[in-house]
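Here's the structure we're looking at; comments come further down.
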Amino acid sequence: MSPTQTKSPPKSSPSQPETPAPFDLGQYGLTVAEIHRNLSPAALYREAIRDDAKCDIADSGALIAFSGDKTGRSPKDKRIVENPESKDDVWWGSVNVPIDDETFEVNRERAIDYLNTRKKLYVVDAFAGWDPKYRAKIRVICSRPYHALFMHNMLIRPTAEELADFGTPHAVIFNAGEFPANRRTKGMTSKTSIDLSLERREFVILGTEYAGEMKKGVFTMMNYIGPKQGVLSMHCSATADKSNGRSSLLFGLSGTGKTTLSADPNRLLIGDDEHCWSDQGIFNIEGGCYAKAIDLTPEAEPEIFQALRFGAVLENVGYDKDTHRVDFKDTSITQNTRGAYPIEFIRNAKIPCVAGHPTDVIFLTCDAFGVLPPVSKLTPAQAMYHFISGYTAKVAGTEMGVTEPQATFSPCFGGPFLVWRPSKYAELLAEKMNTHKANAWLVNTGWSGGAYGVGSRMKLKITRAIINAIHSGALSQAPIATDPVFGFAVPTSCPEVPAEILVPRNTWGDKASFDATAQKLAKLFRDNFEKYADGASVEVKGAGPSGK
Ligand code: ATP
Ligand code: MN
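Following the working numbering, the numbering of the sequence shown begins with 59 at its first residue and continues without gaps.
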C-alpha cells in the first residue's frame, strides 16, 4: 500500500538480535501482561470456551459466538477524524461524519483504558490485499477470543516467516467493543462509536461487539488508500474463469447475493465481498468470507454449508443445547446470522486470490418491487448511472404490518464504506471497464411475478443460470427487447431460464399495477439521481429511466 510508515519503536539493543523482545503493546499504552499474538484457531477455541461464557461449539465444529446487543453494523455511529491532510479528499455527510482529533484521542484513550482492565489481550497481525504490491499490514487488538478468530479468518494469514518480519503495521484496530462510548463526549450520539483516523491509520471501536465492524473498518481504510494510488476498491465478489483466468465482478448491497453467487462450482472463487482493480488485474482484500447463514441449506448452498466447520465462526445463530445442531431458520437473535471462514474452506477458491481483468461487471439488485428484469445488458453510460445509483430494495419490517417495499440507493453499491466522493470511484470504474472492454449487466435477484407480498423471490437456480449464461457468452448473443421505462437491453432468451419470466410485465397478473409500479420505481431513481446530476463526471446522459 506504500502508506507512510510511522517510525518503528527503538530496538532495545542492536547487539543482541538473537533473543527477540517478548511481544508487547507498550507503544499504544497497553500494559496488560498476558498478550496472545496470532493464536491458532484451536488455541482460540480453548480461550473462547474457557473465558467466554456464551461461546459454544456447533456439532459441525464451528465456534458459536454472540455479539451482544448489536447484531449488525452501526453506520450512524461511524466517525472520521477531520484532518488538514485528508479534509478535501473525504466525502463528508451522513456516511462520513467528522470529529476532531481531540475527540478521537478521548475515545482512543477510553478504549485503551478498557483494554488495560482485561486479564489478557489478543493480537492478530495479518494482511489486507492479496497483491504484494498493495498489501497492507493490519494489527487487530481485542479482548474477545471470538473477535481474534474472526479476524484470523477474514484477513490474509501470514506465514510464520512473514509474521516474524511483520514490523510496524500500516493500520491498527483497537476493539474495545464491550465498553461503551461516553455519550457526553463531543460528537457522540449513542453509546456506540466507530472512529477512524486516516492519518494515524487507527480505528477505535466502542460499544459494539458485532465482528463485521472490524472487517468493514479495514475496507473503509482500503477505500481511502486505493484510489489515492489509482487502484479502484470495490464492494463486490469476484470469480475467475477456470481456463483463461479472466475475472467477473458481482457488485451489490447487503443481501443481494454477492457471497451466495460467488460460491459457484463452475468458477474459481477470488473473494466474496471486497476487491481492488489495479493495472495488473483484480485482487481480493480479504482472506475469508462472511456469509449470511439465515435459511442456509446444504442443498441450495452446499459450498457455504460445508465451510461452517471447525475453524469457522458462527455468529448469533440458534442451536439445540443438547445436540449442538445449528438451527439456520432461527431468527430469535437476528435475521443477520453469519458465518466467517477462511477462503480456502471453499473448494474452488483460487489461492492467491488474484485474477485477470474482468470480462463482466454485474450489478446485483434485490428489487422487491418486482419490476426490474432478471437480467439486463447495460451500455457504458447505463452502467455508470446504475453504479452511482446503487439501487436495491428492502422488504419492510413485518412487525409493523407494512408490506410496501422500501427502495435503498447507496452509491457504488457500497455507500457506507466510501471515503472519497462517489464520482471518484465511478471515474475509475468507467476508465477500467473501457480499457479492458468489460460488459456490464444488471441482475435482479429480487422479486418476480409481482411485488413483495404478491410475487416471490427469484429462484436461486434461475439466477445461477443467468450468471452462467453471462459467463458463457450466451447472453451476449441472445435476442433483446428494450425496456420501455428503464431503457436497457433485456435478453429475451437464456439457457435454463423459462423465457416468459425474462420480461417482468409478462409475469404480473395485473398489468396496470405493473405499469404503475414501474413508473413509481423510475421516479425514485430520478429523484435519487438529482443529487448527482451536477457533479457527475462520468457520462450518464440519457442513461436513466424515461419520464419526468
Ligand atoms: P452482504 O454484503 O451483507 O454480505 P451479500 O450480497 O453477500 O450480502 P448474500 O450473503 O449472498 O448477500 O445473501 C443473499 C441471500 O439471499 C442468501 O441468503 C441467499 O440464500 C438468498 N437468495 C434467495 N434467492 C436468491 C437469488 N435468486 N440470488 C441470490 N441470493 C438469493
Ligand atoms: Mn456477503
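Every residue gets a Cβ at the ideal spot worked out from N, C-alpha and C, and that includes glycine.
Closer than 6 Å: residue i CB and nearest the ligand ATP heavy atom
| i | result |
| --- | --- |
| S306 | no |
| T503 | yes |
| T243 | no |
| L518 | yes |
| K350 | yes |
| T521 | yes |
| R396 | no |
| S312 | yes |
| R131 | no |
| R325 | no |
| R202 | no |
| R367 | no |
Cβ separation of residue i and residue j, assumed to be a contact under 8 Å, to the nearest whole Å
| i | j | result |
| --- | --- | --- |
| A186 | M280 | 6 Å |
| D330 | S295 | 5 Å |
| W499 | S434 | 7 Å |
| E359 | R396 | Actually they do not touch by this definition, with Cβ atoms about 14 Å apart. |
Assigned secondary structure, residue i (DSSP; H/G/I helix, E/B strand, else coil)
| i | result |
| --- | --- |
| P549 | strand |
| D418 | strand |
| F237 | coil |
| N394 | coil |
| T62 | Residue placement at T62 cannot be trusted, given a pLDDT of 44 that sits under 50; what the coordinates show is reported in the next sentence. Coil. |
| P323 | coil |
| G87 | coil |
| K495 | coil |
| G473 | helix |
| P68 | For P68, the pLDDT reaches just 46, beneath the cut-off of 50, and the residue's location in the model is therefore unreliable, although a value from the coordinates is still provided. It is coil, neither helix nor strand. |
| A116 | coil |
| Y590 | helix |
| S144 | coil |
| G600 | coil |
| R197 | strand |
| T575 | helix |
| A426 | coil |
| Y103 | helix |
| A532 | helix |
| L121 | strand |
| S132 | coil |
| Y483 | helix |
| K435 | strand |
| G605 | coil |
Bridge-paired residues (DSSP) for residue i
| i | result |
| --- | --- |
| S514 | S506 |
| F81 | Paired residue(s): none; F81 is not in a bridge. |
| R137 | V155 and D253 |
| P562 | In DSSP, P562 forms no bridge with anything. |
| K452 | Q464 |
| K178 | E92 |
| V543 | Beta-bridge pairing links V543 to no other residue. |
| F185 | K195 and I214 |
| G150 | Reading the sequence as shown, one finds Trp at residue 150 and not Gly. W150 pairs with N154. |
| A407 | L327 |
| Y399 | C347 |
Heavy atom of the ligand MN within 6 Å of residue i beta-carbon
| i | result |
| --- | --- |
| K316 | yes |
| D159 | no |
| D353 | no |
| D331 | yes |
Runs of 3 residues minimum, wholly inside the region 328-388: which ones carry the beta strand (DSSP E) assignment? 332-336, 339-342, 346-350 and 371-373
Contiguous beta strand (DSSP E) assignments of at least 3 residues, all confined to the region 249-321: Entirely contained in the region 249-321, the beta strand (DSSP E) runs reaching 3 residues are, in chain order, 251-255, 260-264, 290-298 and 305-309.
Which runs of the alpha helix (DSSP H) fall wholly inside the region 204-237 and span at least 4 residues, in chain order? The DSSP assignment places complete alpha helix (DSSP H) segments of no fewer than 4 residues inside the region 204-237 at 218-222, in order along the chain.
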